[in-house]
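Worksheet for the structure shown next.
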Amino acid sequence: MLIEKYIDKEFITIQPEFDIFKILDIFDGCDYSSVPVVENGKYLGLVKEIDIFELQTDADTPFDVRNYAKDYSVQPGQSLFDACNVLFEQGIDIVPVIDEERNYLGVLTERSLLQAVTVFGENQQNGIIWYQVSSNDLHLSQMAYIVEENGAHIVSLSVIPDENSTNLTVMVKLDTANVAPVVQSLERHGYSVEYSRFHSQKEESDLQRNYNNLMVYLNV
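And the structure:
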């Protein structure tokens, strides 16, 4: 599940010479709260709408959007779980994708990312694990590496918010029914696994319901 397959190459960008009013107009017409700053094809950073909106300025006040750009990005050879980490940890709704020379390639949106990692597989015999973490401790790429170290692969993944706290329930579906080695490795790394077993096709409706809850939460 590499990033390069899901890049949106047509996403709107900001150029450093834009004044604050043009940038605010861009955000006003955009469905997202973050927009990349790009100059001559090079990525300069990601700007959040809230950082610009709160500024008190006028047409005569010097303004340089580069002063508010944060260097959040991923590269196309990374996994979707790496991108999810950036998304959750930085509180953004898009993740810019760049190459090693900082050439801007496009973005991954929150919607496309979470839809990609929650696509359910067709295998009728899979293992399933879920655990709870604080929203500040969600490290999906680390978890994915632990899974793969044990010879398993993630078929689907859902991150479900708790309405009464900042905790998240992470549900992982694997391509193997033998989940014990994965659970043991996760626990050695400090994960508190609350549930693990293999599941059959008849339980797919429960996973689909959790997927639907996640999409409602994200207003997809």
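Counting from 129, one number per residue, gives the positions in the sequence shown under the numbering used here. Just so it is clear, CB atoms sit at the ideal spot from N, CA and C, and this is done for glycine as well.
Bounding residues of the alpha helix (DSSP H) (the contiguous stretch that carries residue i)
i, result
"I180", "177-181"
"N213", "208-218"
"I142", "Here I142 belongs to no alpha helix (DSSP H), and DSSP marks it neither H nor E."
Nonlocal neighbours in the same chain, by C-beta distance under 8 angstroms from residue i, ignoring five residues either side
i, result
"S162", "L174, V175, K176, E177, I220, D221, I222"
"S320", "Y259, Q260"
"Y134", "L208, L236, S240, L241, A244"
"E315", "V321"
For residue i, the first and last residue of its enclosing beta strand (DSSP E)
i, result
"E276", "Segment 268-277 is the alpha helix (DSSP H) holding E276; no beta strand (DSSP E) there."
"Y259", "254-262"
"Y232", "232-237"
"I131", "First-last for I131: undefined, no H or E at that position."
"E167", "162-167"
Nearest candidate by alpha-carbon position, reference residue i, set the options
i, options, result
"P144", "D136, N168, E138, G157", "N168"
"E132", "N295, Y232, V287", "Y232"
"R230", "E315, V165, A305, E322", "V165"
"V300", "S262, F216, L285", "L285"
"Y273", "N195, R194, K198, D210", "D210"
"F139", "N254, S324, I154, V275", "I154"
Exposure label - residue i; buried when at least 16 CB within 10 Å
i, result
"P190", "exposed"
"K137", "exposed"
"N292", "exposed"
7 angstroms CB neighbourhood of residue i in its chain, flanking five on each side removed
i, result
"N264", "none"
"E331", "Unreliable placement is indicated for E331, whose pLDDT of 46 sits below 50; the coordinate value is still reported in the next sentence. Correct list: empty, nothing qualifies."
Residue i: CB within 7 angstroms of a non-hydrogen atom of the ligand HEM
i, result
"V223", "Summarising the ligand content, the structure contains no ligands, and the ligand HEM is consequently not present."
To test your reading of the DSSP string, which unbroken alpha helix (DSSP H) runs of 4 or more residues are found completely within the region 287-327? Those alpha helix (DSSP H) runs which fall completely within the region 287-327 and span 4+ residues are 308-316.
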